[in-house]
Structure formats: C-alpha cells, structure tokens
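Asker:
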Amino acid sequence: MKSYRIPHSDLEVSRIAYGCMDLGGSWDARPLTKALRSRAAELVAAAIEQGITLFDHADIYTHGKSETVFGDVLRELPGARQRIVLQSKCGIRLQDDPRRGNPPRYDFSHLHIVRSVEGSLRRLGTDHLDILLLHRPDPLVEPDEVAQAFAQLKQSGKVRHFGVSNHTAAQVALLQRHVDQPLVINQVELNLLHSYLIDEGVSANQEGDRYAAAAGTLDYCRLHEVMIQAWSPVAKGKLIHPPARTDRRTRSTAALVAKLARAKGTTKEAVALAWLLRHPAGIQPIVGTTKRERLIASCLADGVELSREEWYALFAAGRGAPVP
Ligand SMILES: NC(=O)c1ccc[n+]([C@@H]2O[C@H](COP(=O)([O-])OP(=O)(O)OC[C@H]3O[C@@H](n4cnc5c(N)ncnc54)[C@H](OP(=O)(O)O)[C@@H]3O)[C@@H](O)[C@H]2O)c1
0 MKSYRIPHSD LEVSRIAYGC MDLGGSWDAR PLTKALRSRA AELVAAAIEQ GITLFDHADI
60 YTHGKSETVF GDVLRELPGA RQRIVLQSKC GIRLQDDPRR GNPPRYDFSH LHIVRSVEGS
120 LRRLGTDHLD ILLLHRPDPL VEPDEVAQAF AQLKQSGKVR HFGVSNHTAA QVALLQRHVD
180 QPLVINQVEL NLLHSYLIDE GVSANQEGDR YAAAAGTLDY CRLHEVMIQA WSPVAKGKLI
240 HPPARTDRRT RSTAALVAKL ARAKGTTKEA VALAWLLRHP AGIQPIVGTT KRERLIASCL
300 ADGVELSREE WYALFAAGRG APVP
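For the record, in the sequence shown the residue sitting at position 207 is 206 according to numbering that gives the first Met the number 0, with numbers rising by one throughout.
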C-alpha cells in the first residue's frame, strides 16, 4: 500500500488506516468474549497483511475494551508493535465517569489528559503512543494546561506526536499558539454524504451558505500541513448498502458508487474511499468495519484512480446538487 509521510513528524503511514472503535464489542461493562478476541486477532492480522500501518483508538472506545483486546492481540504478534503506528485519543468523558450522575462531557484538563494516556498505555500494553489526539473540542479548554500536559507526556516519552480531532481551523490555531509540539493531525468526519469541509470551499458566498462555522478548516490544515484523517469514510455503510428506506441523495450517491465500481472492476468500498484519497490534501480514511472481507474490499482503494470528472460527479451526488 502507498504511504503518506505525516508532516512535521518522522512517521511514514499507510494511506488507509484501521479504526479500532468497535473491536471491543458492546459499549458497556460486559467483559470481552473469546469470540471478540478471535475476531480482533483476525482483523488486525488482515489489516497488517493489507499493508495498513496506522491503528486508531480512543480511551473511551467500548469503555476501554477496544484498547484492551488490541493489546492482547499485539502481545501475540512478536515485533508488530515496532512496525505499526499506534494512535489514541482522550478528552471525552462518558456519563457516570467516574461517579454516577456525572453527565457526558469533554475534559482537556492536565490531570485528565495525563491519566487518560496512562490508562491507554496500560490497556494497549505499550510504553508509548505514537500519536495522541484531543477527541472533541472542549469549550472549557485552557490551552496552557493542554500545553503543560503535552510537554510532560512528550518529555516522559509516553507520547511522541500530538494532534486533534473534530477541531475547526480557529480551534487548532488557538491550541497551536500555546502548545510547543506541532499538531500533526486533525481527524474529522468526512465522506461522500458528509462532505461539508470540502463543500464549504465551493459554497462560500453562495445564497444559503451554511458553513461559516467550519471557517476554512481544510484549507487551514493544508496551509499548516496538519494531516487530515477521515472518520466514517463509508458513512457507516450507507454508501455501500443504502438502507431500504433512505433519502434520494443517499440512494443516488450509492448508485453512482456502485456504477463506477462495476465500470472499474473494483469494489464499492474502493470507489467511496478513492474519492477521499483523490483529494490533494492527502486525506487518510480510517476504515472502521469489523468484517474481514469488507476491510479487504476497502484496501483495494489504494489501486483506484478517479478522474476529475468522476470525482466531481460523485461530489455532486453526495452534496445533492451540482457545484455552483
Ligand atoms: N474522531 C472521532 O470523533 C471519531 C468518530 C467516529 C469514529 N472514529 C474513528 O473512525 C473509525 C471509522 O469510523 P466508523 O466506524 O464510523 O466508519 P465506517 O466504516 O464508515 O462505519 C462503520 C460502520 O459501517 C459499517 N460498514 C463499514 N464498512 C461497510 C461496508 N463495506 N458495507 C456495509 N457496512 C459497512 C460497519 O459495520 P460492520 O462492522 O458490520 O462492517 C459499522 O457499523 C472508527 O473505528 C474510529 O477509529 C473517530
């Protein structure tokens, strides 16, 4: 698989990454089962076989079980830890954490960031994360506190590189003004049916422009070489198997994806992901399926080239209207 160099880092990573969100099964306290453990082993092995080198986690995924089962799988694969790039996130706290009645919230406090990383390292069975992302912007963020936490984690060798997720351009800029380390990634929701960060660039100053809040996030990231990662790259499967009762836009986008896949002799997954890969920002899709065959079908995207005309036809279908 072709690779990207993450700017401002020494990391060379596969163009497609694997998202481990669902590896741990249910989002509750139920323990990991034998079936979940063997499924995780099969998926991680398949991803590595396909050439995937970046694995995406978060402290909260299935309440920590996704990191735990991944750590167990890694222990059974000698030498694998050195060959992969491990990324995790912190900053979201779930309902009842740690006390019953606490609401879902974001927490970029020094204490929470450092404690969260220590938990991820313990569950993953590693002494360092290659990349740590702040999961969702915390309105109560004190950028100096984040800077101190990052400095401590960097100095202790627990985290090598830092980034963010779901942040706007201005939010990245504010943090970067305080944090000594370069913010190397912004992981955002991006797919054919949710292309607002690309669409705002062609919709600016048009009647009904609804993207003021995104404020040039993609262009900012390109300008400052913050690599973009795309979560939900196949819109939770809607681009591949649109639900029986869905809107016209979803149906017609999925139909065009299927038509192009047939014409190119490839999979629908490959076309949907190739649309992201074709963008010159160097977007890295984070594939989240828990089915081995779908993961393999997704990795075929690495060999698919979309022409400008094909890219725009897909873009127009996904946004529900031709470009202005
Ligand atoms: N930063 C953030 O805020 C954030 C938010 C969400 C996710 N993420 C990261 O991004 C990764 C991917 O996100 P995601 O899981 O939402 O992405 P996704 O791959 O678009 O969606 C996964 C869902 O779609 C289904 N699916 C995937 N491929 C399919 C296919 N080819 N055909 C039919 N159904 C398919 C999956 O079911 P099956 O498992 O049955 O295939 C699963 O229910 C996550 O694992 C996580 O690492 C980050």
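Beta carbons: idealized from backbone N, C-alpha and C, even for Gly.
#1: Which residues in the same chain as residue 196 place their Cβ atom closer than 7 Å to its Cβ, once the five residues preceding and following it in sequence are excluded?
#2: Excluding five sequence neighbours on each side, which residues of the same chain lie with their C-beta closer than 8 Å to the C-beta of residue 93?
#3: Output needed for residue 11: all residues of its chain with C-beta closer than 6 Å, excluding positions within five of it in sequence on either side, in chain order.
#4: With which residues is residue 55 paired in a DSSP beta bridge?
#5: Based on the DSSP output, what are the partners of residue 0 in its beta bridges?
#6: Looking at the unbroken beta strand (DSSP E) that takes in residue 161, where does it start and where does it end?
#7: Three-state secondary structure (DSSP) at residue 180?
#8: Mind checking who residue 244 pairs with in its DSSP beta bridge?
#9: Which partner residues does residue 11 have in the DSSP bridge list?
#10: Does residue 134 come out as helix, strand or coil in the three-state DSSP assignment?
#11: Leaving aside the five residues before and after residue 72 along the sequence, list all residues of the same chain whose C-beta is less than 7 Å from its C-beta, in chain order.
#12: With H, G and I counted as helix, E and B as strand and the rest as coil, what does DSSP make of residue 94?
#13: Comparing alpha-carbon positions, which option in 107, 125, 252 lies nearest residue 156?
#14: For residue 72, does the three-state DSSP call read helix, strand or coil?
#15: Say the cut is 7 Å; is the CB of residue 274 nearer than that to a heavy atom of ligand 1?
#16: Along the alpha helix (DSSP H) that carries residue 140, what are the first and last residues, could you check?
#17: With DSSP run on the structure shown, which of helix, strand or coil describes residue 47?
#18: In the DSSP assignment, the alpha helix (DSSP H) including residue 112 goes from what residue to what residue?
#19: What do you get for residue 32, buried or exposed, if any count of 16 or more other CB atoms within 10 angstroms of its CB means buried?
#20: What is the rounded straight-line gap between the Cα of residue 331 and the Cα of residue 79?
#21: Any heavy atom of ligand 1 inside 7 Å of the beta-carbon of residue 135?
#22: Just verifying my parser: in three-state terms, what is the DSSP assignment at residue 28?
#23: Grab the span of the alpha helix (DSSP H) containing residue 229 for me, first residue to last.
#24: Looking at the secondary structure, which residues open and close the beta strand (DSSP E) in which residue 329 lies?
#25: With distances taken between CB atoms, is the gap from residue 118 to residue 65 smaller than 8 Å?
#26: Put residue 104 into one of helix, strand or coil per three-state DSSP.
#27: Would you say residue 285 touches ligand 1, meaning its beta carbon is less than 7 Å from a heavy atom?
#28: What first and last residue would you give for the beta strand (DSSP E) that runs through residue 286?
#29: Residue 187 by DSSP, collapsed to three states: which one?
#30: Rounded to whole angstroms, what's the CA-CA distance from residue 232 to residue 191? Just pull it up for me.
#31: On the three-state DSSP scale, how would you describe residue 62?
#32: Nearest to residue 226 by CA position, among 177, 283, 296, is which residue?
#33: Work out the CA separation of residue 50 and residue 271 for me, nearest whole Å.
#34: Could you say which of 57, 68, 19, 15 lies nearest to residue 36 if we only look at CA atoms?
#35: Among residues of its own chain, excluding the 5 on either side of residue 265, which ones have a beta-carbon nearer than 6 Å to its beta-carbon?
Answerer: In short, the structure shows the following:
#1: 187, 189, 213, 216, 217, listed in sequence order.
#2: Closer than 8 Å at the Cβ level, and outside the excluded window around residue 93, lie 59, 62, 103.
#3: Answer for residue 11: 2, 4, listed in chain order.
#4: 18, 86, per the DSSP bridge assignment.
#5: Beta-bridge pairing links residue 0 to no other residue.
#6: That run of the beta strand (DSSP E) goes 158 to 164.
#7: In this structure, residue 180 counts as coil in the three-state DSSP scheme.
#8: Residue pairing by DSSP leaves residue 244 without any beta bridge partner.
#9: Note: residue 11 sits in a beta bridge opposite 4.
#10: Here residue 134 carries a coil assignment [DSSP, helix/strand/coil].
#11: Taken in chain order, the residues that qualify are 39, 40, 43.
#12: Residue 94 falls in the coil class under three-state DSSP.
#13: Closest by alpha carbon: 125.
#14: In the displayed model, residue 72 falls within a helix according to three-state DSSP.
#15: No, the beta carbon of residue 274 sits no closer than 7 Å to any heavy atom of ligand 1.
#16: First-last for residue 140: undefined, no H or E at that position.
#17: The answer is helix: DSSP assigns residue 47 an H, G or I state.
#18: DSSP places residue 112 in the uninterrupted alpha helix (DSSP H) bounded by 109 to 123.
#19: Under this definition residue 32 is an exposed residue.
#20: What is shown of the chain runs 0 to 323, which leaves residue 331 out entirely.
#21: Indeed, a heavy atom of ligand 1 lies less than 7 Å from the Cβ.
#22: Of the three classes helix, strand and coil, the one that applies to residue 28 here is coil, per DSSP.
#23: Per DSSP, residue 229 is not a residue of any alpha helix (DSSP H); the beta strand (DSSP E) it occupies stretches across 226 to 230.
#24: Since the displayed the chain opens at 0 and closes at 323, residue 329 lies outside it and no answer follows.
#25: No; because the gap between Cβ atoms is not below 8 Å, this pair is not in contact.
#26: In the three-state DSSP reduction, residue 104 falls in the strand class (E or B).
#27: Yes, since a heavy atom of ligand 1 falls inside the 7 Å radius drawn around the Cβ of residue 285.
#28: Here the beta strand (DSSP E) through residue 286 covers 283 to 286.
#29: Three-state result, residue 187: strand.
#30: Residue 191 has its alpha-carbon roughly 8 Å from the corresponding atom of residue 232.
#31: In the structure shown, the three-state DSSP call for residue 62 is helix.
#32: The shortest Cα separation from residue 226 among 177, 283, 296 belongs to 283.
#33: Cα to Cα, residue 271 sits roughly 19 Å from residue 50.
#34: Of 57, 68, 19, 15, the residue nearest in Cα terms is 68.
#35: For residue 265, same chain residues with a beta-carbon under 6 Å away, outside a window of 5 residues either side, are 299, 303 in chain order.
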